[in-house]
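Working notes, structure below.
In this note's numbering, the protein residues as written are 153 to 324.
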């Protein structure tokens, strides 16, 4: 749960401590420090700043969430349990600035990743349906709505799905 800069500072300090431990001959401590450095490096690529960005996103601090997500240079390295939320938040942030193409791209990626609850996947499909409704691509809207209907959803999401279906012209 650190930004890249904070990880770099910790890694530099750990490296100095590692050198001291090797110099002092305290090899057990040196191995532990090296392991901690390895974990920090691994977690940088596999976890990133997604968790902190999620907290900022839930607090409606969208600028902080955007900065934290931008800190992740290679989202394809994130593990699936983090990448799905990275793409979901990136899609929502793109919607906030009305960048519909970027939002659709992020939601498309998120729709292919696993989520804990079917309702989360349905929300992504609803967002994709909304984007395509704005583009007047009604065939895709129907496809996304059909996929969302097959999932177990809350009553709120079901109402949104019904609303989207009602906005599709009858001659389509």
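All C-beta atoms in this analysis are idealised placements derived from N, C-alpha and C, irrespective of residue type, glycine included.
Where the alpha helix (DSSP H) through residue i begins and ends
i, result
"residue 184", "179 to 198"
"residue 204", "202 to 210"
7 Å Cβ shell around residue i - same chain, five flanking residues per side excluded
i, result
"residue 192", "159, 162 and 163"
DSSP-derived helix/strand/coil call for residue i
i, result
"residue 223", "coil"
"residue 162", "helix"
"residue 259", "helix"
"residue 286", "helix"
"residue 305", "coil"
From the options, residue whose alpha carbon lies closest to that of residue i
i, options, result
"residue 304", "311, 174, 230 and 269", "269"
"residue 310", "319, 322 and 297", "297"
"residue 208", "220, 200 and 197", "220"
"residue 257", "166, 195 and 241", "241"
Straight-line Cα distance separating residue j from residue i
i, j, result
"residue 237", "residue 253", "18 Å"
"residue 199", "residue 231", "7 Å"
"residue 317", "residue 292", "12 Å"
"residue 273", "residue 171", "48 Å"
Own chain residues within Cβ distance below 6 Å of residue i, not counting five before or after
i, result
"residue 229", "197"
Same chain only: Cβ atoms within 8 Å of residue i, ignoring 5 sequence neighbours per side
i, result
"residue 279", "243, 244, 247, 255 and 259"
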